[in-house]
Amino acid sequence: MVMERRKTDVDLSVELFGRRLGTPLMPASGTLSKEAVGEVRGIYGAILPKTTTPRRRDGNPTPRIAETPAGMVNSIGLQNPGVEEFMKNLDDFDLGVPILVSVAGNTTDEFRELCEKVSADERVFAVELNLSCPNVEHGGLTFCAGPSSVEEVVSACRKVSGKPLSAKLTFEGVVGNAVAAESAGADALTVMNTIPALTVDADARRVLVKGGLSGPAIKPVAMRAVYDVSAAVDVPVIASGGVSTGLDVAEFMMAGAAAAQVGTASFVRDPEDILGEFEGYLRKHGISASDLIGDLRDSESASGVHEG
Amino acid sequence: MKFHTVEIEGIETLGRYVLLHYRWEGSIEPGQFTMARAAGYPTTFDPFLARPFSFYDYDGETASLLFEVRGRGTQLLAEATERIEASRPLGKGFRVDGVAGRAVLLGGGVGVAPFKFLSRRLYELGVEHDVALGFEDEGVAGVAGDFPGAKVATMDGSFGVRGTVLDAVGDLSEYSAIYACGPNAMLAAVKRAANGAKICQLSVEERMGCGNGSCNGCVVPTERGYVRSCIEGPVFDAEVLAW
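Laid out in structure tokens, this is it:
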């Protein structure tokens with residue numbers, strides 16, 4: 011992949027699904043608008059626009075976001091114009107790097123149809139299955155509710171897609187769900203999503219935002235999830251959850267991640283600074299990005315310190 | 008989002024509000040805003056998000072932000088001494104072309120913020136205009152002193168006429184352009200009162216996460232669904248808003 015970024019003597023590239031990505035960074039779903047995409051040119055090794063759904067979704071009323079210490083809680087409600095409109099405008103995200111498309115359905119059938127549709131488009135490099143949304147056929151539990159549910163939707167998508175599939179999992183039950191997704195044919199796992207959270211307006215004595223917590227506050231939780239999942243599966247893990255600094259990227263890769271998604275941090279930092287810090291870390295240690303992957307495990311594999 | 012470290016040129020108090028001046032070179036349009044914070048990483052991740060502020064004024068060298076201390080983010084900004092961090096100017100500002108007649112600027116509370124700058128621009132364009140401001144009480148009316156000739160109302164009657172900004176301004180029908188900024192309830196009232204005005208533009212105040220359209224947090228309802236106030240706004244034609 012040709013990078014337009016400044017020349018560097020450090021090899022920042024990683025391999026994902028047989029493609030060489032210029033850097034291990036990509037956006038987490040729902041955190042990079044088409045208006046802001048120019049700001050990450052040459053910084054991200056792949057692009058991933060906001061989750062699309064079979065039909066247009068208006069999203070939730072405001073307030074949709076609330077600040078928390080070192081993070082924020084959001085409840086956007088997957089606002090998006092629907093897959094037809096989304097695919098029409100996919101070129102807005104063309105930076106000359108691979109495009110992953112995040113999809114979410116209300117049912118397994120919806121997931122399958124959506125996955126088939128986007129997989130058929132040659133501009134789509136890979137598909138991320140957003141399994142954190144409610145499964146209306148199972149009483150509103152998410153598709154991440156358990157291994158059988160994960161297996162069902164991943165299998166269904168696998169049958170209709172020739173593109174690499176990454177199952178995006180929530181923290182709860184992440185290892186069992188990861189194993190299920192892998193056995194159902196997932197090519198990668200995106201670990202993890204936001205964590206269920208609540209913020210309160212004390213003066214008004216009412217709920218401010220009930221949604222998902224993101225940002226640096228959840229990084230150690232995501233780190234644990236990436237570490238545990240990488241030990242349990244053979245497919246690549248894409249880290250997501252609190253990635254906010256170049257050192258975070260290095261840590262997640264050591265914990266087993268093949269790539270890292272920058273989400274909420276991109277609201278408060280310039281992603282170029284994150285990549286610069288990552289590059290600085292690699293230079294300091296005289297290594298390439300891909301040297302890092304799983305390196306933490308290699309040195310501590312027998313210690314058992316990660317139990318319980 | 009890229010933040011720029013900018014030099015503070017001064018901080019003053021206008022009644023209950025804080026007016027912060029910093030050095031900025033570049034183009035800014037009245038009605039645009041910046042995401043600002045006292046310090047960013049690595050100094051702090053708490054407060055985590057920057058805050059959106061309309062530009063109170065800009066003369067080509069000094070940009071000014073008017074705000075009320077409401078939480079830690081604004082408290083730290085008010086206490087800043089040498090520099091803060093600010094994004095580039097963001098969003099769509101006021102449409103000032105095609106004003107054929109007198110204009111009026113209606114500010115509610117800290118919603119007065121974009122009107123010093125807009126007033127400056129209208130003056131440069133030769134557009135005659137009035138300013139009307141509404142506040143809770145005299146504690147915040149200090150800023151009115153920065154708008155000589157402005158009609159002022161306070162809810163408790165402690166300064167100017169008693170009532171809202173609409174009580175202060177009176178009949179809107181004489182104006183060919185109406186610009187308003189303030190709480191949503193006030194903007195909705197302005198929209199109703201402005202019925203038929205050729206230009207009626209409202210600057211909304213929404214909670215924002217990123218400022219560059221990415222987080223979808225700052226939406227406002229329109230006829231075609233929710234739209235992001237940081238990208239399509241913060242200034243909207245009144246008829247677009249589904250209030």
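Keeping their order, the protein sequence lines are chains D and E.
Those letters in the first sequence? Residues 11 to 318, per this note's numbering, in order.
Those letters in the second sequence? Residues 8 to 250, per this note's numbering, in order.
Don't be surprised by glycine CBs; every beta carbon is placed ideally from N, CA and C.
| task | Quick one: list the residues of chain D neighbouring A57 (chain E), beta-carbon separation under 9 Å, in chain order. | result | As a position in the second sequence, residue 57 (chain E) is number 50, starting the count at 1. Near A57 (chain E) (Cβ distances below 9 Å), the residues of chain D are F277, V278.
| task | Reducing DSSP to helix, strand and coil, say where E138 (chain D) ends up. | result | Here residue 138 (chain D) refers to the residue found at position 128 when the first sequence is read from its first residue. Looking at E138 (chain D) - three-state DSSP - the assignment turns out to be strand.
| task | Inspect the CB distances between the region 191–204 of chain E and the region 156–166 of chain E and report whether three or more fall short of 8 Å. | result | In short, these stretches do not touch, since the Cβ pair count stays below three.
| query | Hey, does V138 (chain E) have any beta-carbon neighbour from chain D nearer than 8 Å? | reply | Position 131 of the second sequence, counted from the first residue, corresponds to residue 138 (chain E). It does not; no Cβ of chain D falls within 8 Å.
| Residue nearest to T152 (chain D) in terms of C-alpha spacing, selected from D:A114, D:A198, D:F288 | One-based indexing of the first sequence puts residue 152 (chain D) at position 142. Nearest C-alpha to T152 (chain D): D:A114.
| Nonlocal neighbours in the same chain, by C-beta distance under 6 Å from A265 (chain D), ignoring five residues either side | Stepping through the first sequence from its first residue, residue 265 (chain D) is reached at position 255. Excluding residues within five positions, the ones whose Cβ falls inside 6 Å are M233, V236, Y237, L306.
| According to DSSP, residues forming a beta bridge with E75 (chain E) | As a position in the second sequence, residue 75 (chain E) is number 68, starting the count at 1. DSSP output for E75 (chain E) lists E:Y24 as bridge partner(s).
| Does Q271 (chain D) get closer than 8 Å to chain E when you measure Cβ to Cβ? | What you label residue 271 (chain D) is simply residue 261 of the first sequence in a count that begins at 1. It does not: the Cβ of Q271 (chain D) has no partner Cβ on chain E nearer than 8 Å.
| said: According to DSSP, is I228 (chain D) part of a helix, a strand, or is it coil? | reply: By one-based count along the first sequence, residue 228 (chain D) stands at place 218. In this structure, I228 (chain D) counts as helix in the three-state DSSP scheme.
| Partners in chain D for C188 (chain E), counting only beta-carbon separations shorter than 8 Å | Locating residue 188 (chain E) in the second sequence gives position 181, counting from the first residue. Within chain D, no residue comes near C188 (chain E); the closest Cβ sits about 18 Å away, beyond 8 Å.
| request: With 8 Å as the threshold, decide whether the Cβ of E213 (chain E) is near any Cβ in chain D. | output: Counted from its first residue, the second sequence places residue 213 (chain E) at position 206. Yes, its Cβ sits closer than 8 Å to a Cβ of chain D.
| query | If S129 (chain D) sits next to G172 (chain D), beta carbons under 8 Å apart, how far is it from one beta carbon to the other, in whole angstroms? | reply | Along the first sequence, read from residue 1 onward, the residue named residue 129 (chain D) stands at position 119. Along the first sequence, read from residue 1 onward, the residue named residue 172 (chain D) stands at position 162. At roughly 6 Å, the Cβ-Cβ gap stays under 8 Å, so S129 (chain D) and G172 (chain D) are in contact.
| task | For the region 223–250 of chain E, enumerate the residues whose C-beta is nearer than 7 Å to any C-beta of chain D, in chain order. | result | N223, G224, V226, G232, Y233, I238
| task | Measure the C-alpha to C-alpha separation of V201 (chain D) and R30 (chain D) and round it to an integer number of angstroms. | result | Here residue 201 (chain D) refers to the residue found at position 191 when the first sequence is read from its first residue. Here residue 30 (chain D) refers to the residue found at position 20 when the first sequence is read from its first residue. Near 21 Å, if we compare the C-alpha coordinates of R30 (chain D) and V201 (chain D).
| field | is_contact[G182 (chain E), chain D] using C-beta, thresh 8 Å | value | Position 175 of the second sequence, counting from 1, holds the residue named residue 182 (chain E). The identity of residue 182 (chain E) in the sequence shown is Tyr, whereas the question assumes Gly. By this cut-off, Y182 (chain E) is not an interface position.
| query | Per the contact definition of three or more C-beta pairs closer than 8 Å, is the region 52–68 of chain E in contact with the region 80–98 of chain E? | reply | A contact exists between the region 80–98 of chain E and the region 52–68 of chain E.
| said: For the pair the region 17–27 of chain E and the region 45–53 of chain D, tell me if three or more CB-CB distances fall below 8 Å. | reply: no
| Does any residue of chain E bring its CB to less than 8 Å from the CB of E147 (chain D)? | Stepping through the first sequence from its first residue, residue 147 (chain D) is reached at position 137. No, because no Cβ of chain E sits closer than 8 Å to the Cβ of E147 (chain D).
| query | What is the DSSP secondary structure of Q208 (chain E), counted as helix, strand or coil? | reply | For this step, residue 208 (chain E) is matched to residue 201 along the second sequence. Looking at Q208 (chain E) - three-state DSSP - the assignment turns out to be strand.
| L209 (chain E) versus E:G33, E:A249, E:H28, residue with shortest Cα-Cα distance | As a working mapping, residue 209 (chain E) is identified with position 202 in the second sequence. For the residues E:G33, E:A249, E:H28, the minimum Cα distance to L209 (chain E) belongs to E:A249.
| request: Check whether the Cβ atoms of T209 (chain D) and A76 (chain D) sit closer than 8 Å, and answer yes or no. | output: Within the first sequence, residue 209 (chain D) is the residue found at index 199, counting from 1. Within the first sequence, residue 76 (chain D) is the residue found at index 66, counting from 1. A contact, by the Cβ cut-off of 8 Å.
| field | CB contact flag (V106 (chain E), S183 (chain E), <8 Å) | value | As a first step, residue 106 (chain E) must be located in the second sequence, where it is residue number 99. As a first step, residue 183 (chain E) must be located in the second sequence, where it is residue number 176. Closer than 8 Å, so yes.
| DSSP state of G221 (chain D) mapped onto helix, strand, coil | Taking the first residue of the first sequence as position 1, residue 221 (chain D) is located at position 211. Correct three-state label for G221 (chain D): strand.
| chain D within 8 Å of M8 (chain E), Cβ atoms only | On the second sequence, residue 8 (chain E) is found 1 positions in, with the first residue counted as 1. Judged by the 8 Å Cβ criterion, M8 (chain E) is in contact with chain D.
| task | Check whether the Cβ atoms of I238 (chain E) and G98 (chain E) lie closer than 8 Å to each other. | result | Here residue 238 (chain E) corresponds to residue number 231 of the second sequence, with the count starting at 1. Here residue 98 (chain E) corresponds to residue number 91 of the second sequence, with the count starting at 1. Against a cut-off of 8 Å, the Cβ pair of G98 (chain E) and I238 (chain E) comes out as a contact.
| task | Just confirm the distance between the C-beta atoms of F277 (chain D) and M8 (chain E), as a whole number of angstroms; I'd bet it's less than 8 Å. | result | If you number the first sequence from 1, residue 277 (chain D) lands on position 267. If you number the second sequence from 1, residue 8 (chain E) lands on position 1. Yes, they are in contact, since the Cβ atoms of F277 (chain D) and M8 (chain E) sit about 6 Å apart, within 8 Å.
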